[in-house]
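Structure first, then comments.
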Amino acid sequence: MAPLPFQFLCALGQDGILCTSRGDSLYTFAADCSLVAEHSLSSRGAAAPDGAKEEDEPSQVAQNGLPEVTPQVQDGEPSESSTPPPKRRKVDSEADSSSAQSAVGIVQPETQPAANGGSQKKKKAQKPVEATEKPCVILLKATSNGSHVVAVTGGNKTVCVLEHDGKGHLTELSQRQMVKRPSDLTLTADEKTLLVADKFGDVYALPLIPSADDSLGEDSAAALQESIRLARKGANNLTVHTQRNLRSLEEQARQRAEKAKQQQEQKEAGPTFKQDLLLGHVSMLTSIAVASADGKPYILTADRDEHIRVSRGILSMAHVIENFCLGHRAFVSAMCLPEPDRLVSGGGDNDLYVWDWKAGVLKSKVPLLRHAKEQANVTGDKIAVTGLYPCNVPGGAGLIMAICERVKAVFVYKVQDGDLTYAETINLAGYPLDIAFIQVPGQQQSRMVISLDQGTETSHHSSPPSSSSSSSLSGLYVHLLGEELSAEKQALPVYPNPEGGRVDDLPRAEIEKVLYTVENLRKTEFDDVTAGGD
Amino acid sequence: MAGAANKKQKRADYRLARSQQDGATEMPKKKFYRQRAHANPFSDHQLEYPMSPEDMDWTPFFPAYKTDPEELPEATASNDAQIEQRQQSSMRQDVEILDIGCGFGGLLVALAPKLPDKLVLGMEIRTQVTEFVQERIRSLRAQHQDSNEFQNVSCIRANTMKFLPNFFKKGQLSKIFICFPDPHFKARKHKARIVSTTLNSEYALVLRPGGIVYTITDVEDLHNWMVHHLELHPAFERVSEGEQESDECVKIMTTETEEGKKVERNKGQKFVALFRRLEDPPW
Numbered sequence: 235m236a237p238l239p240f241q242f243l244c245a246l247g248q249d250g251i252l253c254t255s256r257g258d259s260l261y262t263f264a265a266d267c268s269l270v271a272e273h274s275l276s277s278r279g280a281a282a283p284d285g286a287k288e289e290d291e292p293s294q295v296a297q298n299g300l301p302e303v304t305p306q307v308q309d310g311e312p313s314e315s316s317t318p319p320p321k322r323r324k325v326d327s328e329a330d331s332s333s334a335q336s337a338v339g340i341v342q343p344e345t346q347p348a349a350n351g352g353s354q355k356k357k358k359a360q361k362p363v364e365a366t367e368k369p370c371v372i373l374l375k376a377t378s379n380g381s382h383v384v385a386v387t388g389g390n391k392t393v394c395v396l397e398h399d400g401k402g403h404l405t406e407l408s409q410r411q412m413v414k415r416p417s418d419l420t421l422t423a424d425e426k427t428l429l430v431a432d433k434f435g436d437v438y439a440l441p442l443i444p445s446a447d448d449s450l451g452e453d454s455a456a457a458l459q460e461s462i463r464l465a466r467k468g469a470n471n472l473t474v475h476t477q478r479n480l481r482s483l484e485e486q487a488r489q490r491a492e493k494a495k496q497q498q499e500q501k502e503a504g505p506t507f508k509q510d511l512l513l514g515h516v517s518m519l520t521s522i523a524v525a526s527a528d529g530k531p532y533i534l535t536a537d538r539d540e541h542i543r544v545s546r547g548i549l550s551m552a553h554v555i556e557n558f559c560l561g562h563r564a565f566v567s568a569m570c571l572p573e574p575d576r577l578v579s580g581g582g583d584n585d586l587y588v589w590d591w592k593a594g595v596l597k598s599k600v601p602l603l604r605h606a607k608e609q610a611n612v613t614g615d616k617i618a619v620t621g622l623y624p625c626n627v628p629g630g631a632g633l634i635m636a637i638c639e640r641v642k643a644v645f646v647y648k649v650q651d652g653d654l655t656y657a658e659t660i661n662l663a664g665y666p667l668d669i670a671f672i673q674v675p676g677q678q679q680s681r682m683v684i685s686l687d688q689g690t691e692t693s694h695h696s697s698p699p700s701s702s703s704s705s706s707l708s709g710l711y712v713h714l715l716g717e718e719l720s721a722e723k724q725a726l727p728v729y730p731n732p733e734g735g736r737v738d739d740l741p742r743a744e745i746e747k748v749l750y751t752v753e754n755l756r757k758t759e760f761d762d763v764t765a766g767g768d
Numbered sequence: 025m026a027g028a029a030n031k032k033q034k035r036a037d038y039r040l041a042r043s044q045q046d047g048a049t050e051m052p053k054k055k056f057y058r059q060r061a062h063a064n065p066f067s068d069h070q071l072e073y074p075m076s077p078e079d080m081d082w083t084p085f086f087p088a089y090k091t092d093p094e095e096l097p098e099a100t101a102s103n104d105a106q107i108e109q110r111q112q113s114s115m116r117q118d119v120e121i122l123d124i125g126c127g128f129g130g131l132l133v134a135l136a137p138k139l140p141d142k143l144v145l146g147m148e149i150r151t152q153v154t155e156f157v158q159e160r161i162r163s164l165r166a167q168h169q170d171s172n173e174f175q176n177v178s179c180i181r182a183n184t185m186k187f188l189p190n191f192f193k194k195g196q197l198s199k200i201f202i203c204f205p206d207p208h209f210k211a212r213k214h215k216a217r218i219v220s221t222t223l224n225s226e227y228a229l230v231l232r233p234g235g236i237v238y239t240i241t242d243v244e245d246l247h248n249w250m251v252h253h254l255e256l257h258p259a260f261e262r263v264s265e266g267e268q269e270s271d272e273c274v275k276i277m278t279t280e281t282e283e284g285k286k287v288e289r290n291k292g293q294k295f296v297a298l299f300r301r302l303e304d305p306p307w
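Each protein sequence line maps, in turn, to chains A and B. Sequential numbering from 235 applies to the first sequence in the numbering used here. Sequential numbering from 25 applies to the second sequence in the numbering used here.
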C-alpha cells in the first residue's frame with residue numbers, strides 16, 4: 235500500500251510556480267519550492283479542515299519557507315450552484331472504462347487495460363467497482379500566461395477550469411462533464427477555446443470560460459438531433475420480413491414512445507453547456523495539438539490506429555481534412571511541435587517520427603528503443619512513448635525530452651533546422667510520469683521538473699508525513715537545464731511532500747492502473763477464429 | 025453449436041477444391057461464404073491495410089492494369105528499395121470508384137462493364153464475403169477472357185471507417201457507393217453508422233470536388249439520417265431529383281445490388297439520395 239505519487243505537472247506563468255496533481259487534488263508550489271496550496275477537485279466541503287486559511291496567509295507561509303496546506307475549498311463553492319456535481323464518482327479508472335463500455339454497448343478493446351487481448355469478453359463482465367468519491371486527475375494543462383488551469387478528472391469525465399491568481403492560489407470556475415472520457419486536450423492559439431479529444435475519437439471545442447448564455451444550454455445542434463431522434467421511425471413493417479422481427483418492431487415502437495417522454499424530461503433536467511463537435515476519428519484519440527502555417531491555424535489529432543490527421547483549425551472549417559501523416563506502425567501516443575513546421579510524434583514504434591506535417595511527409599525516423607536499450611537497461615523489444623516535451627535551453631539549441639512508460643530515464647534530443655538528433659539520456663531513480671519546465675525569476679537555468687513513480691523501489695513507503703516536512707520529499711525531481719546540455723546529471727528531489735495526508739493509500743496494482751495506460755493501446759495478436767466472427 | 029465443425033469442414037473442402045482448379049469459370053456458391061450480417065467496426069479485427077496510399081500494392085487486385093516493365097522509367101541511380109518496390113507495383117491508373125460495404129458484389133459486377141475505363145473497387149469488412157466476391161470476380165474474368173471484361177473490378181477486405189485514408193489519396197475517387205448499410209437502430213450505436221458528421225469529412229477527403237456519394241437504403245429512418253448528415257456537412261450538397269433520375273448508376277444501384285433485389289422480392293421501399301462533393305472553401 236502506498237499513496238499515489240504526484241503525476242501531472244504544468245508551469246503556471248513565468249514566476250516559477252508549479253502546479254501538480256496527485257489523485258484528485260492539485261498542488262501548487264512557489265518558485266522556492268514551498269507548497270502554496272492544495273485544491274481538491276472532488277468532495278468539496280468535506281475536505282476543509284478547521285484551520286482553513288485566509289487568502290493572504292499563504293504568502294506569509296511561503297516567505298518563512300514553511301509549506302503548509304491551504305485548501306482553497308471555499309473558493310470553489312460558488313460554482314457548484316451553476317453546475318451540479320456529477321452523480322457518480324469512481325476512483326478506479328478501469329472500473330470507469332468498463333462501465334462506460336457497458337453503458338455504450340460497444341466493445342472497445344483499446345480501453346481494456348489488459349495486455350492480452352484474447353480475454354476481452356471475460357474482462358467486460360467485470361463489475362465496476364463503485365468506490366470512494368475520488369476521481370483521479372487524468373489531464374492537466376495551463377494557459378501560457380498561467381492565468382487558468384484545466385484539469386480533467388477521470389471517472390466522472392469532468393473538465394474543470396480553475397483560475398490562478400499568479401501566486402499559486404486556484405479558484406474553481408467551472409466543471410463540465412463530458413459524454414466520453416477525454417484522452418487529451420489543448421488550447422487554441424488565442425487560448426480562449428479548449429479542444430478536448432476523447433476516447434470515442436471525437437474532438438469537441440469548449441469555450442475556456444463558459445459565458446452565461448452558453449451554459450444555459452439548448453445547443454442548437456443538440457436540439458436538432460433531439461428533434462430528429464423523436465421524429466424518426468426506425469424500421470417499418472416493409473423493412474422486416476420475419477414474424478419475430480415484426481414483433482420486436484412493435485415492441486420498439488412502444489419503447490420509443492416511452493423514451494420520447496423520458497427524453498422530454500431529461501431535456502428539462504440536464505443542464506448542457508456549449509460544446510461543438512469539430513471532427514472525429516473512428517478510433518480512440520490519443521493526442522491533440524494545434525499548429526499554424528502561413529498564419530493559418532491547424533488541428534493535429536493522433537489516434538490509436540496509427541493515424542495523424544491534419545485538419546483546418548478554424549472552428550467553422552475543422553471538417554476540412556488537409557492531409558494525413560501516415561507511417562506509424564503502432565499507435566501514436568504523443569506529439570509535439572519543436573518548430574512551427576515540424577511535428578515529432580511517438581508511440582508504440584521503436585523510433586520517433588519527424589514530419590513535415592503541412593505536406594504530410596515523413597522527414598526522418600530517429601531511434602528511441604535503441605537508446606533505451608543501451609542507456610536505460612530496457613530489455614524488452616517494445617517501448618511506449620508517454621510524453622514528448624519541447625523546450626528551449628537559454629542560449630542553446632531546442633530540445634525535446636522524451637519519456638516512455640516504465641523506463642527510468644529521460645531521452646534528450648536536439649532539434650536543429652528541422653532535424654532531430656539524439657543527444658543523451660538522463661537516468662532517473664524512478665519511472666517518469668510527466669515533465670514541466672519552470673522558469674525561475676532571476677535564475678539563468680530553467681528547471682526541468684519530473685514527477686517520478688518510485689513505488690517499485692521503496693516498498694517501505696514512509697508512514698503518513700510527520701510535521702517536519704523536510705524528512706519526506708515528494709517524487710518531484712528537478713534537473714537544471716543550463717547553457718550546456720545538462721551540466722548536472724543528477725536530478726534532485728527538492729520539492730517537499732505536502733503534509734496533511736489526505737491521500738489514500740492504494741495497493742500497488744491500483745496505482746499502476748492509474749499511472750500506466752499507454753502500453754495498453756497496443757494492438758494484440760488475435761486468433762483468426764475470434765476475429766472472423768464480429 | 026451443432027454442425028459447426030461439419031460446416032467448417034465443408035467450407036474448407038469447397039475452397040480447396042476451387043483453389044485447385046485454375047481459371048475456374050464456375051461461379052462460387054454463396055452458401056459456402058455466408059457470414060453474419062454485422063461486424064463491429066470499432067474492433068481491431070485482424071486487418072491488413074497499407075501504411076499509406078503510396079504503400080498500397082494494387083497490382084494483385086488489378087493485374088491487367090499493372091504498368092509494363094518497359095514503360096517504367098529506367099531504374100535511376102537511387103538504390104532505394106522502397107522506390108523500386110513502388111515502381112514494381114505501379115499501376116497505369118488508380119481506383120476511382122468505391123463501393124463501401126460491397127457485400128456479395130452485385131453492384132460491382134453490374135458497374136464494371138458499364139464503366140470499362142474506370143477501376144471499380146469493393147470494400148467489405150467480412151472475410152468470408154470478401155472471399156466470395158474475389159472468387160466471383162475470378163470466375164467472371166475467366167469466363168470473359170476474350171473480351172477482357174471484369175479486369176477493372178476487384179474487392180478487398182477493409183474497415184473503411186478506420187482505414188479509408190490508408191488506401192486512397194486526397195481526391196482520388198470520383199464515386200462512392202454506400203448501399204444498404206447496416207442501420208444500427210439503437211441510438212448508442214449511431215457512431216457505428218457508415219454516415220456520420222465526422223466520417224463524412226473523410227469521404228470528402230478521398231472524393232474529388234464534383235464527385236458523388238450514392239446512398240440507398242430500405243430503412244426510411246436511416247435514409248433520413250444519411251440525408252441529414254450529408255446535407256448538413258459543408259463539403260456536400262444534395263443532387264437534385266432530376267439529375268438523380270438520369271444517373272445511370274442509380275438504376276444499377278437500385279436493381280443490381282443483392283439487397284436491392286431482396287427488397288424487391290419483399291416489395292419493400294428503397295430510398296435513394298445522391299450528394300455532390302463541393303470545393304473546399306478558400307481560407
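Even for Gly, the Cβ is constructed at its ideal location relative to N, Cα and C. On a predicted model such as this, the values are computed, not experimentally measured, just so you know.
- With respect to T535(A), V674(A) sits apart: the two C-beta atoms are not nearer than 8 Å.
- Closer than 9 Å at the C-beta level to chain B, one finds these residues of the region 408 to 435 of chain A: F434 and G435.
- As computed with DSSP, D510(A) is found in a beta bridge with A439(A).
- With at least 16 other beta carbons inside 10 angstroms of its own, I745(A) counts as buried.
- Cα atoms of Y647(A) and K607(A): separation of roughly 16 Å, rounded to the nearest angstrom.
- DSSP lists L396(A) as the bridge partner or partners of E406(A).
- Identification of residues in the region 560 to 591 of chain A having a C-beta nearer than 9 Å to some C-beta of chain B yields L560, G561, H562 and R563, given in sequence order.
- One Cα belongs to H398(A), the other to T427(A), and the distance between them is close to 17 Å.
- In the DSSP assignment, S171(B) falls outside any alpha helix (DSSP H) and carries neither an H nor an E.
- Where N224(B) is concerned, there is no enclosing beta strand (DSSP E), although the alpha helix (DSSP H) around it starts and stops at T221 to V230.
- Judged by DSSP secondary structure, A376(A) falls within the beta strand (DSSP E) whose first and last residues are V371 to A376.
- Judged by beta-carbon spacing, R546(A) lies beyond the 8 Å limit of T520(A), meaning their Cβ atoms are not closer than that value.
- R563(A) is a Cβ neighbour of D583(A), given a cutoff of 8 Å.
- With a cutoff of 8 Å on beta-carbon distance, M412(A) and D739(A) are scored as not near each other.
- A straight-line Cα-Cα distance of about 12 Å links D266(A) and Q677(A).
- Boundaries of the alpha helix (DSSP H) around L132(B): G130 to K138.
- With a cut-off of 8 Å on Cβ pairs, the region 196 to 211 of chain B is in contact with the region 237 to 246 of chain B, counting three or more such pairs.
- Look at the region 543 to 555 of chain A: the residues with a C-beta under 7 Å from a C-beta of chain B are R546, I548, M551, H553, V554 and I555.
- Within the region 589 to 643 of chain A, the complete beta strand (DSSP E) segments at least 3 residues long are 595 to 601, 619 to 626 and 632 to 638, listed from N- to C-terminus.
- Under the Cβ criterion of 8 Å, S178(B) is not counted among the residues facing chain A.
- Here the alpha carbons of Q477(A) and Q489(A) stand approximately 19 Å from one another.
- Looking at the DSSP output, G561(A) sits in no beta bridge, so it has no partner there.
- Every alpha helix (DSSP H) stretch that sits fully inside the region 230 to 306 of chain B and reaches 4 residues is listed by chain position as 244 to 256, 265 to 270, 272 to 280 and 282 to 289.
- Per DSSP, M412(A) lies in no alpha helix (DSSP H) and is assigned neither H nor E.
- Among the bridge pairs identified by DSSP, M147(B) is matched with I124(B) and I180(B).
- Contact annotation for K530(A) against chain B: W307 [CB-CB distance below 7 Å, chain order].
- Counting of Cβ neighbours within 10 angstroms places G561(A) among the buried residues, the total reaching 16 or more.
- In this structure, the beta-carbon distance from V752(A) to S517(A) does not fall below 8 Å.
- Distance from the Cα of A385(A) is smallest, within the candidate group L480(A), R256(A) and E484(A), for R256(A).
- When Cβ-Cβ separations below 8 Å define contact, N557(A) makes contact with chain B.
- Around the beta carbon of E226(B), 16 or more other beta carbons sit within 10 angstroms, so the residue counts as buried.
- Bounds of any beta strand (DSSP E) do not take in K142(B), whose DSSP letter is neither H nor E.
- Proximity to K31(B) across M51(B), Y57(B) and E155(B) peaks at Y57(B), based on C-alpha coordinates.
- Here the C-alpha atom of T91(B) lies approximately 9 Å from the C-alpha atom of Q117(B).
- Residue pairing from DSSP places M569(A) in a beta bridge opposite S579(A).
- Less than 8 Å divides the Cβ of K199(B) from the Cβ of I121(B).
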